[in-house]
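Residue numbers (our numbering): 29 to 827.
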C-alpha cells in the first residue's frame, strides 16, 4: 500500500512540476534562511560551554556606581589572589588581562630581528591556574610551572609555526613590545573558535611588575583584569557573593567601597553579557526572525496548495466515490507534502552551505580574532538535531495539514458535478494567511527603512571636529625622545601640515571616565570626566574651537595645563566659560590649571550624549600621532609616512589608519544589522510574491464563471483588474494597519539607544505602503491581466 501511495504521489508531483518547483523553491528558501540563522545562533550559544566544571565556574565583574551605573567586565588585580588564598570553598581563581596592540619581534640569531608582528587582541597576561580551570590541551611543557616565573610565555601551535616555523620552539626567545624578552615555556592546542578566550599567546602575570611597577598588582581601585573563580563541589553562589562583599569591605577605602559593586556571572554568559558579542535578546530576536521566515514559507505552501485544490476536485470525487475515506486521502496528500518537504530540505541544505561562507565572513568582519567555522555538519551535533528534526516535522505538518484537510473534505457529488464553491471559511483562512504575509513583509520594510535612514544620519553627523584628511599613526611606548624627530620628518613631506601627538582622537572607544575635584581639594565631584592626553597641535589639527582662554603652551613641561569642554563647565554650574580660566582642578592625583575652554565635540559613539572632556598636556601618555594631509589619506601618503618612520624607528612596527575609518568603526554593528535585515526583507518580499501568486491563481479558478459572465456583459479590462486589485488592496491595507504601529513601536525602542537619531515621520510609513503597493501590483498584474483579457468562453465552458 505504501509503495502504491509513493508511486501515485510521485506521478502527481511530476505531472504538475512547474507549480511544485515553485513550492520547493519557496520552502527551500524559507528553510535555508531559517537554517542559516539557527546555525549562527547555535554557534553563539555554544561559546565557552566546553570548559570543565562550567556549572561551578563564575566570572567576577564590577559595576562602578557614580553618577550612573557603568557595568564593566573586569575586577581589581589583587582580587583573584585574595580569593584563592583566603576562602577554602574556592578551588581555584585566575586573573587575566587582554593585551591590545603590542608588537612581537622574533630574533634572527645575528643580533637583529627577523620578523615583527602587531598582535591586537589574541594575547594576554595570566597565571598557571588558567590551564586547569579552562581545560587547555597541552602539546609541550608543564602547565603547573610554565607561567610561574616572570618573562615567560606559552603559545599555541599555530603561533609556534607563525613565529618560529617549527612545532616545538621550547626555550626560544621573542621580544614583547621592544621592552622585555620572553622565553617560550609551553605549547598548547589552538583555541577553538567558539570561545571568548581566543588567546594564542599567554604571558606570565609575574611579568607585569617589570613592565609597570612593583605596586601594580596591589591596586584595588583599578579594573584591569578579568577574574574567574572555580568553586568546590557543594559550594554555592551565595558563599562567593558574601566573600566578595567581605573582601570589598576589608581592602577598599570606605569612601570608594560604595562606588564598586562586585557581581558574579556564570561562565556561559561570557559571550552574552558585558563585553560579549552576542547579547541574548539579539539571539532570541534572530530566532524569532528565523521562525517567521520558515512560517512564511509554510503559509506560501498552503496558499499554493489550496490554489490548485479545484484542479484536484474531480480526483477527490472519484476516489471518494470508489470507497476512499477521508483519512486515506489525508495520508495521500500528507505523503505528497512530505516528499516535497524532503526535496525542499535537500535544496535548503545546498543553499545553506552556499550561504555559510557569507555568514562566517560577516561574523569575522566584526572581530578579526573570531575565526568562525560554522559548517553544515554542525546540524549533525546532538544539540542541533534536537531542534533540526522537530523543525522539519513541524514544517511538514504546517505546510501539509490544512491543504490535506481541505482537499479531503470535498463533497464527492459536487466535486464530480464541478459545483464546488469558494467556501467562506476556507477563503477567510487564506485571506488571514495572506494578510499575515503582508504584515510580515511591511514590518521588514519599515525596519529596513528606519535602520538605513539612521545609518545615513549617523554618517552625516557633525562630530564637532575635523576628521577628513587625517592619518593616525600609533606610537611605541617609552620612545618619547624620538617623537620630535618623527614630527619634524613628517612635516617635511610635501602636503603634510601640522602633526598632533595625543592619546586618542577626539572620538575614541577608550572612554573610561575618571573622578576629579573642582569645588574642593579633596571631595570629588558628583560626575566624572573623560580625559585625553594632547599637545599644542591637537586643537588646530582637529579644528576644535576655543570659546575661552588659550591653547596649550608648547614650552610647558609640567603637564599641569588642562583644557575642558563646555559640557564640563555646564555640569559644574558655571554660566560663563571665561570664569573657568585660571581655576584649578585636581585630576589623576595632581593639581592642574584650566587654561582654556573648547566647544563641545563628540567623544564616543553616537549612543551617548556629549559628556565632560578634559584635555591634559601630558606627552608621555601620547600613543598616536595625527598627520594633517592636503588630501584624503592614500597609499602614497602612507608610504611616505612609513619611510620617515623607518628612518627614525627602524626597530618598531609601523601601524596607521585614516581617522575617518576609526569613526566608521562606531557604526559597524549598525551596518551589520542593516545588511542582515535587508537580506531578510528581500526573502520576505519574495515569499510574499509567491503567496500573492497563489491567491490570484485561486481567485482565477474559483471565480472563473463570474469572470466569464462579467466579460459577456461588457466589463472592461480595467474593471476586471479592479476585481483582483480590490481584494489585494484590502488585505494589504489591513496588514499595514497592524504593521505600522508594530513597526513604529519596535523601531522607536531601537532608536532610543542613540542620542543622535532620526525622528520617525509619517513618510516612512507611507513609503512602506507605497513600496508594498508597487510590489503587489507587479506581482499580480501579469496573472490578473491574463484572466481579464482571456476569451470568456474558456471560463463558461463546463465539463
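For each residue, glycine too, the CB sits at the ideal point set by N, CA and C.
In this text the structure is predicted, and so the values were computed from the model without any measurement.
Legend entry - Candidates 141, 185, 801, 524: closest to residue 668 by CA position: 524
Legend entry - Opposing strand residues paired with residue 125 [DSSP bridges]: 153
Legend entry - Residue span of the beta strand (DSSP E) that contains residue 258, given as start and end: 254-259
Inset, instruction - Assign residue 217 to one of two classes, buried (16 or more other C-beta atoms within 10 Å of its C-beta) or exposed (fewer than that). - result: Exposed, by the Cβ-count rule.
Legend entry - Alpha-carbon to alpha-carbon, residue 677 and residue 197: 28 Å
Legend entry - Secondary structure of residue 333, DSSP reduced to three states: helix
Legend entry - Exposed unless 16 or more other CB atoms sit within 10 angstroms - verdict on residue 172: exposed
Inset, instruction - Go through the stretch 482-566 residue by residue and report every complete run of the alpha helix (DSSP H) that reaches 4 residues or more, in order. - result: 511-519
Legend entry - CB contact flag (residue 681, residue 192, <9 Å): At the C-beta level, residue 681 and residue 192 stay beyond 9 Å of one another.
Inset, instruction - Express the C-alpha separation of residue 637 and residue 630 in angstroms, rounding to a whole number. - result: 8 Å
Inset, instruction - Under 8 Å by Cβ, that's how I've got residue 174 and residue 182 pegged, so tell me the actual separation to the nearest angstrom. - result: About 5 Å; that satisfies the 8 Å criterion.
Inset, instruction - Return the chain-ordered ranges of every alpha helix (DSSP H) run that is complete within the stretch 228-309 and spans a minimum of 4 residues. - result: 236-239, 265-279, 282-285
Inset, instruction - Taking the CB atoms as reference points, tell me whether residue 767 and residue 654 lie closer together than 9 Å. - result: No, the Cβ-Cβ distance between residue 767 and residue 654 is not below 9 Å.
Inset, instruction - From the DSSP output, read off the bridge partner residues of residue 145. - result: 132
Legend entry - Touching by the beta-carbon criterion (3+ pairs, under 8 Å), the stretch 155-165 and the stretch 688-699: no
Inset, instruction - Identify, in the order they occur along the chain, each residue of the same chain with its Cβ nearer than 6 Å to the Cβ of residue 807, setting aside the five sequence neighbours on each side. - result: 717, 720
Inset, instruction - Measure how close the beta-carbons of residue 121 and residue 257 come, nearest whole angstrom, since I'm counting them as under 8 Å. - result: 5 Å
Legend entry - CA-to-CA distance, residue 418 to residue 72, given in whole angstroms: 21 Å
Legend entry - Simplified DSSP state of residue 83, which is helix, strand or coil: helix
Inset, instruction - List in chain order: all unbroken beta strand (DSSP E) runs of 3+ residues lying wholly within the stretch 196-225. - result: Complete beta strand (DSSP E) runs here, min 3: 201-204, 208-216.
Inset, instruction - Please look up how many angstroms separate the CB atoms of residue 123 and residue 296, rounded, as I've assumed it's under 8 Å. - result: Actually they are not in contact, since the Cβ atoms of residue 123 and residue 296 sit about 20 Å apart, beyond 8 Å.
Inset, instruction - Please name the residue, chosen from 416, 134, 809, 260, that lies closest to residue 203 on a Cα-to-Cα basis. - result: When each option's Cα is compared against that of residue 203, the closest is 134.
Inset, instruction - Would you list the one or two residues that DSSP bridges to residue 103? - result: 253
Inset, instruction - Report yes if the C-beta distance between residue 608 and residue 625 is below 9 Å; otherwise report no. - result: yes
Inset, instruction - Could you work out which residue in 623, 479, 770, 94 is closest to residue 785 when comparing CA atoms only? - result: 479
Inset, instruction - Answer yes or no: do residue 511 and residue 499 have a C-beta to C-beta separation smaller than 9 Å? - result: no
Inset, instruction - Would you be able to state if there are at least three C-beta pairs under 8 Å between the stretch 533-546 and the stretch 79-90? - result: no
Legend entry - beta strand (DSSP E) runs wholly inside the stretch 664-735, at least 3 long, in chain order: Secondary structure remark: continuous beta strand (DSSP E) runs of at least 3 residues inside the stretch 664-735, in chain order: 684-686.
Inset, instruction - Kindly give me the distance between the Cβ atoms of residue 390 and residue 700, rounded to whole angstroms, as I take these residues to be in contact under 8 Å. - result: Indeed they touch by this definition, with Cβ atoms about 7 Å apart.
Legend entry - Cross-strand partners of residue 593 (DSSP beta bridge): 626
Legend entry - Candidates 559, 640, 567, of which the one nearest residue 598 by Cα: Checked all of 559, 640, 567; the closest Cα to residue 598 is 640.
Inset, instruction - Confirm, please, whether the CB-CB distance from residue 180 to residue 126 is below 9 Å. - result: For residue 126 and residue 180, no; Cβs fall outside 9 Å.
Legend entry - Identified DSSP bridge partners for residue 581: Residue 581 pairs with nothing; no bridge assigned.
Legend entry - Chain-order list of residues whose beta-carbon lies under 6 Å from that of residue 403 (same chain, five-residue window excluded): For residue 403, there are no CB contacts under 6 Å within the same chain when 5 residues up- and downstream are skipped.
Inset, instruction - Measure the alpha-carbon distance for residue 52 versus residue 747 and round it to whole angstroms. - result: 34 Å
Legend entry - Cβ distance (whole Å) where residue 88 is taken to contact residue 290 below 8 Å: 6 Å
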